[in-house]
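Peer 1: Encoded as structure tokens, here's the structure I'll be asking about.
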Amino acid sequence: MMIAARAMNIGLGILRPMLIAKGVSGRGKVVIGTVKGDIHDVGKNIVSMVLQGAGYEVMDLGIDVPPEKFVDAINQYQPKFVLMSALITLTMSMMGETIRFFRNQG
Numbered sequence: 034m035m036i037a038a039r040a041m042n043i044g045l046g047i048l049r050p051m052l053i054a055k056g057v058s059g060r061g062k063v064v065i066g067t068v069k070g071d072i073h074d075v076g077k078n079i080v081s082m083v084l085q086g087a088g089y090e091v092m093d094l095g096i097d098v099p100p101e102k103f104v105d106a107i108n109q110y111q112p113k114f115v116l117m118s119a120l121i122t123l124t125m126s127m128m129g130e131t132i133r134f135f136r137n138q139g
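The opening position of the sequence shown corresponds to residue 34 in my numbering, with each subsequent residue numbered one higher.
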């Protein structure tokens with residue numbers, strides 16, 4: 034992991050409790066993850082932290098998440114939102130593949 038990413042994750046660790054301490058809750062569930070083939074998570078982690086601070090229960094699936102894992106999380110948590118992250122241009126097509134996989138399951 035790059036030094037900047039490590040520093041960002043340390044900073045997020047410091048800020049997260051302050052945002053969550055506001056006591057806002059009950060806005061619903063959100064599933065978030067970085068799509069298959071991509072290991073970048075700084076942006077995903079920032080969005081997760083902001084959503085938690087705004088009162089959402091965030092189910093973070095992590096990085097390199099295959100379509101099946103997104104669909105399993107949707108079925109398990111019934112979230113208001115599903116957020117897919119991709120930094121690498123080549124992995125952005127996985128967003129469409131994940132949506133197609135979900136549609137074919139239903």
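The C-beta atom is built at its ideal place from N, Cα and C for all residues, glycine as well.
1. Drop a sphere of 10 angstroms on the beta-carbon of Ala-119, count the other beta-carbons inside from all chains shown, and report buried for 16 or more, exposed for fewer.
2. Per DSSP, which residues does Glu-90 bridge with? Please list them.
3. Considering only the alpha carbon of each residue, which of Leu-94, Leu-123, Met-117, Thr-122 lies closest to Gln-109?
4. Rounded to the nearest angstrom, what separates Leu-45 and Gln-85 at their Cα positions?
5. Distance check for Tyr-89 and Asp-74, CA to CA, integer angstroms please.
6. Tell me where the beta strand (DSSP E) around Val-115 begins and ends.
7. Mind checking which residues open and close the alpha helix (DSSP H) that includes Gln-109?
8. To the nearest angstrom, how far is the alpha carbon of Gly-70 from that of Asp-105?
9. When DSSP builds the beta bridges, which residues end up paired with Val-68?
10. Might you give, ordered along the chain, the residues of its own chain that have their beta carbon closer than 7 Å to the beta carbon of Thr-131, omitting 5 neighbours on each side?
Peer 2: Short version:
1. Locating residue 119 in the sequence shown gives position 86, where the first residue counts as 1. By the 10 Å Cβ count, Ala-119 comes out buried.
2. Counting from 1 along the sequence shown, the entry for residue 90 is found at position 57. BP columns for Glu-90 point to Lys-62.
3. As a first step, residue 109 must be located in the sequence shown, where it is residue number 76. Answer by Cα proximity: Leu-94.
4. Mapped onto the sequence shown, residue 45 falls at position 12. Mapped onto the sequence shown, residue 85 falls at position 52. Computed Cα separation, rounded: 12 Å.
5. For the purposes of this step, residue 74 is taken as the residue at position 41 of the sequence shown. For the purposes of this step, residue 89 is taken as the residue at position 56 of the sequence shown. So the alpha carbons of these two residues sit roughly 19 Å apart.
6. Translated into positions along the sequence shown, residue 115 becomes position 82. Where Val-115 is concerned, the enclosing beta strand (DSSP E) stretches over 114 to 118.
7. Along the sequence shown, one-based indexing puts residue 109 at 76. 100 to 110 is the span of the alpha helix (DSSP H), which, as asked, contains Gln-109.
8. Here the question's residue 70 lines up with position 37 in the sequence shown. Here the question's residue 105 lines up with position 72 in the sequence shown. C-alpha separation (whole angstroms): 18 Å.
9. On the sequence shown, residue 68 is found 35 positions in, with the first residue counted as 1. Val-68 pairs with Val-98.
10. On the sequence shown, position 98 is the one that residue 131 refers to. Closer than 7 Å at the Cβ level, and outside the excluded window around Thr-131, lie Val-68, Pro-100, Phe-103, Met-117.
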